[in-house]
Each structure stands twice: as structure tokens, then as C-alpha cells.
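Okay, so the sequence shown: first residue is 483 according to our numbering, each after it adds one. Glycine included, C-beta positions come from ideal geometry on N, C-alpha and C. None of the values given here were measured: they were computed from a predicted structure. Structure first, then comments.
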Amino acid sequence: MKSNELAVFWFRRDLRIHDNAGLFAALNSGFPVLPVFIFDRNILDALQDKKDARVMFIHQQLAAIDAMLRSRGSSLLVLHDEPLKAWDSLLSEFNVKAVFTNRDYEPYARSRDQALTEKLGQHGVVFHQYKDQVLFEQDEVVKDNGTPYAVFTPYSKKWKLRLQESGIPEFPSELHLSALMLWQAPPIPELQELGFEASEVEFPQPTTSDDIIGQYAQKRDFPSLRGTSRLSVHLRFGTISVRQLAKRALVLSETYLNELIWREFYMQILWHYPQVVNHAFKPAYDRISWLRDEALFKCWCEGKTGYPIVDAGMRELNATGFMHNRVRMIVASFLCKNLLIDWRWGEHYFAAKLLDYELASNNGGWQWAAGSGVDAAPYFRVFNPALQTERFDPHGVYIRKWVPEYGTPLYPHPVVNFPESRKRCLEVYKAALG
Ligand SMILES: Cc1cc2nc3c(=O)[nH]c(=O)nc-3n(C[C@H](O)[C@H](O)[C@H](O)COP(=O)(O)OP(=O)(O)OC[C@H]3O[C@@H](n4cnc5c(N)ncnc54)[C@H](O)[C@@H]3O)c2cc1C
483 MKSNELAVFW FRRDLRIHDN AGLFAALNSG FPVLPVFIFD RNILDALQDK KDARVMFIHQ
543 QLAAIDAMLR SRGSSLLVLH DEPLKAWDSL LSEFNVKAVF TNRDYEPYAR SRDQALTEKL
603 GQHGVVFHQY KDQVLFEQDE VVKDNGTPYA VFTPYSKKWK LRLQESGIPE FPSELHLSAL
663 MLWQAPPIPE LQELGFEASE VEFPQPTTSD DIIGQYAQKR DFPSLRGTSR LSVHLRFGTI
723 SVRQLAKRAL VLSETYLNEL IWREFYMQIL WHYPQVVNHA FKPAYDRISW LRDEALFKCW
783 CEGKTGYPIV DAGMRELNAT GFMHNRVRMI VASFLCKNLL IDWRWGEHYF AAKLLDYELA
843 SNNGGWQWAA GSGVDAAPYF RVFNPALQTE RFDPHGVYIR KWVPEYGTPL YPHPVVNFPE
903 SRKRCLEVYK AALG
């Protein structure tokens with residue numbers, strides 16, 4: 483099979499055919515394009531839950547892409563291996579002249595891609611990487627002196643300035659599919675062959691509905707309303723184009739655009755400061771003496787703390803793989819400050835459960851809640867779950883949906899006393915921070 487020269491397009495977290503920067507470049511490379519996806523054993527083997535809905539989500543997207551490509555006489559090659567081993571087989575089986583992909587900024591992906599650049603280089607193959615996951619990456623939005631921003635507002639102002647200068651480019655890959663390699667790949671491996679089972683979880687449909695984005699500023703903070711776009715899982719896996727979404731936001735809602743900028747803000751923090759994965763962004767916060775109370779942590783995970791808004795959030799997460807942003811802030815603050823449990827425990831729990839789990843935003847959100855992160859609230863600002871409920875779920879609609887036994891004797895007593903736990907938090911933080 484090795485005779486025909488070709489280019490490979492490697493899908494990763496950009497699972498779509500349309501407006502895909504790397505795919506567009508591959509299709510315009512002059513070579514027939516072989517589309518490839520690799521189920522990474524390093525990632526899949528580490529997942530505890532063999533019904534992990536994210537694997538099913540990826541699987542479904544790949545099946546849809548493959549069906550579309552097959553209707554054009556092409557197909558998607560799906561491998562299940564460690565990435566570098568998969569590349570060994572690709573290079574031995576096909577006459578690969580160039581590889582195209584979209585850039586990934588997480589530390590694991592960076593080292594994987596570095597190793598692949600070297601491997602491909604040894605075969606004389608160029609590895610082309612494109613910006614697709616964000617509007618601005620790496621050093622594109624930095625202070626005038628070239629250093630990264632660690633505060634959101636000036637970052638967002640510079641981001642908007644850059645957008646005015648550059649506009650939003652389009653990469654209509656869907657119009658160039660005639661450059662795909664015509665061939666029949668083996669069928670995509672079944673979920674079971676990957677070691678997984680189907681999950682009952684339902685995924686939100688991608689919608690850039692004018693109603694939701696248009697009224698976002700008014701409704702986004704109320705967890706009982708459908709006031710947010712629920713696009714996070716689609717942004718995570720690239721089933722929608724962030725450029726097209728940003729265009730809608732520019733017309734419909736600056737508040738919504740700002741949230742897309744938060745996403746990029748945290749991504750550039752992770753890019754510039756990869757140490758935040760395991761350490762507080764502000765090093766002094768690593769001196770806090772967290773309680774290693776596994777029983778309390780279990781109450782929090784299961785939504786049995788006796789704080790109804792916290793319990794509702796955790797139960798929504800456990801049942802659906804989603805939690806409203808306002809409630810994410812409340813449960814995270816409660817864990818770090820009232821239960822005095824290390825933000826990393828909570829971060830790991832979210833990472834295992836969230837369909838939209840994304841390292842940069844999750845780490846950023848947790849460090850924000852713990853006070854240790856970029857642009858975090860001062861540590862002495864401790865969210866009061868009762869006041870948050872009064873403001874954002876005043877009629878208890880969200881709470882009753884997820885905690886039906888609330889108000890009955892079956893509902894647990896509070897695991898901590900709020901004023902006492904707040905006081906303890908301030909003392910322990912103060913002792914660590916001096
Ligand atoms: C402790 C904590 C952990 C979080 N973990 C994640 C995570 O793993 N993955 C994730 O995508 N988001 C995370 N977020 C951010 C936010 O809660 C979700 O992006 C949002 O709730 C997703 O719902 P939506 O798509 O309806 O958002 P919308 O409100 O409709 O916002 C649109 C998009 O903007 C982005 N966005 C919105 N808010 C934020 C934010 N605060 N930070 C970064 N991006 C944002 C998301 O991509 C989102 O899909 C976390 C927030 C907190 C406080």
C-alpha cells in the first residue's frame with residue numbers, strides 16, 4: 483500500500499469537518515488527505531468509569547464524521563494505541579509526506595507532540611500544527627512588555643483589540659473535501675473493543691440560539707433556568723467552531739463573548755505556567771494545612787452535606803455530568819473554605835465527572851475558588867450558600883429538582899456550622915499566608 487504519497491490529518495479535540503483550520507490546510511496541501519483519529523490508550527486506560535460518557539461522545543462524533551466521509555468515497559481511520567506506536571504503524575503502512583493537526587496546549591499533549599515532531603523529522607516528514615481551539619493562543623495576547631497577563635480585565639481588553647485588528651478568519655474545510663483520499667478504512671472499533679460501554683447520559687445539542695445567547699446577561703446566573711448555552715462539551719471536543727461561536731457572540735452578547743475570553747484566559751495561563759496543574763498559582767497557598775478528611779469529602783461528592791444548594795449541584799453533576807457555573811463556584815468554595823479540603827481533591831472529582839472537563843478551565847475555576855489562582859477573589863471572601871440561594875434560586879426550584887427530600891427528616895444535618903467553618907478557614911488561610 484506504500485506507493486501513493488499522502489498527507490495525514492490527525493483529528494484530536496476538533497471533531498468536525500467544517501471550519502477546521504488544520505483540516506483546511508491539509509486539504510489544500512496538494513496531497514490526498516488521509517483522516518486519522520487515535521484513541522489514546524494512555525488516556526483511556528486511566529479512566530476509572532468504564533461507562534465514561536465522554537468516550538461515547540467521541541465515539542459518536544467519529545461515527546458521524548466517518549459516515550459523512552464515506553458518503554464522499556473516503557473514510558476515517560480510527561486506531562486504538564499509544565499515539566507514538568500508532569504513528570509507527572501509520573508510517574510503515576502509508577507513504578506519509580506531511581502531517582497536519584490542530585495545536586493542543588495541555589502539558590501531556592505538548593510533550594506527545596514534541597516527541598512526534600522528532601519521530602516524524604527522522605522520517606523526513608513535516609508536522610504542521612494550526613491554531614483552531616482558540617482565537618488567540620500562546621503569546622498573541624500579552625502585556626506590552628511581552629509578559630503574560632494574570633488579571634482578566636486587561637487581558638480581555640487586549641484580546642478585543644487584537645480581534646479588531648485581525649478579524650475572525652474562516653477555514654471552510656467542508657468545501658475542499660474532494661482532496662480526501664478515496665479509500666475504505668476498516669470499521670471504527672466498537673466501544674466494547676475499546677473497553678467501554680454505552681452510557682445513559684444525554685448530551686446537550688449544540689445550539690447557538692439567539693434567545694439564549696441574546697438573553698445570556700440576564701439569565702446566566704440562575705441554575706433553574708436554561709439560561710446558558712450548554713456548549714462547553716462541544717467546545718471541549720471541537721464539535722463546534724469557536725470562531726463561528728465568537729462571531730455570534732459579537733452580534734448578540736458581549737457578556738457571552740467575555741466567557742469565551744475567560745476560556746482563552748485560562749488556556750494561556752496553562753500554556754505559560756504549566757506548573758498550575760499541581761501547584762497553586764500563588765505559591766504561598768501551597769502552605770495551607772488542608773484537612774485530609776475523607777468522610778467529609780465523600781459527603782460532598784455524594785451531595786450529602788446538609789447544604790441544599792451544594793448538594794443539588796453535586797447531585798446534578800453525578801446524574802448528568804454537568805453543573806451550572808454559578809453552582810460550580812458555590813460547591814468549590816464550600817469544599818475549599820468550609821470543609822477546608824484541598825482544591826486538588828475537588829478538581830480531580832470534577833475531572834472524572836464533567837462531560838466538559840477541560841484542564842485549563844477546571845484548574846482555573848478551582849484555583850479561583852480556593853483563592854490561590856489568577857484573578858481570584860480575596861481569600862476572606864467566603865461564599866455563603868444561604869445567601870447565594872436567596873439570590874440565585876430564591877424559590878428553591880433548582881434545589882427541589884435535585885434534592886427531593888429537602889425539608890423532610892430524611893435530609894442530612896449540615897456537616898459543618900457555617901460561621902464556625904468560615905472562621906476556621908480565615909484562621910488557617912491567615913496562618914499560611916502570613
Ligand atoms: C470550579 C469550576 C470548574 C470548572 N470546570 C470547567 C471545565 O472543566 N470545563 C469547562 O469548559 N468549564 C469549566 N468551568 C467553567 C464554567 O462553569 C463552564 O464552562 C460552564 O458552566 C459551561 O456551561 P455552558 O456551556 O452552558 O456555559 P455558558 O455560560 O453558555 O458559556 C459559554 C462558554 O464559555 C466558556 N466559559 C463560560 N464560563 C467560563 C469560565 N468561568 N471559565 C472558562 N470558560 C468559561 C465555556 O467554554 C462555555 O461553554 C468551571 C468553573 C468552575 C467554577
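Taking C-beta atoms under 8 Å as the contact rule, Phe521 and Val560 qualify, at a distance of about 7 Å.
Nearest in C-alpha terms to Phe539, of all of Lys883, Arg702, Glu684, is Glu684. Between Gly696 and Ser638, the C-beta gap is not smaller than 8 Å, which leaves the two residues out of contact.
Contact between Val792 and Val813 holds: CB atoms are separated by about 5 Å, below the 8 Å threshold. The three-state reading of DSSP puts Tyr612 in strand, counting E and B together. Short of 6 Å from the beta carbon of Asp857, and not among the five residues preceding or following it, lie these beta carbons of its own chain, in chain order: Val633, Phe634. Annotation for Cys783: Met796, Tyr831 place their beta carbon closer than 7 Å to its own, counting only its chain and skipping 5 residues before and after. Going by C-alpha positions, Val898 is about 14 Å away from Lys780. Closer than 7 Å to some heavy atom of ligand 1: that describes the Cβ of Phe832.
When the Cα atoms are used, Phe816 and Phe804 turn out to be separated by approximately 18 Å.
Remark: C-beta atoms of Ile670 and Ala546 do not approach each other more closely than 8 Å.
When the alpha-carbon of Asp548 is set against those of Ala591, Leu617, Pro668, the nearest one is in Pro668.
Glu487: member of the beta strand (DSSP E) spanning 487-493, first to last residue. In this structure, the CA atom of Asn524 is about 31 Å from the CA atom of Ala777.
Given a length threshold of 4 residues, each whole run of the alpha helix (DSSP H) inside the region 743-804 is given here in chain order: 776-784, 790-802.
The criterion of a C-beta distance shorter than 8 Å is satisfied by Ala503 and Asp614. Residue pairing by DSSP puts Asp563 in a beta bridge opposite Asp522.
The residues Leu598, Lys601, in chain order, have a CB closer than 7 Å to that of Trp569 in the same chain once the five nearest residues on each side in sequence are set aside. A direct Cα-to-Cα measurement between Asn845 and Gly555 gives close to 42 Å.
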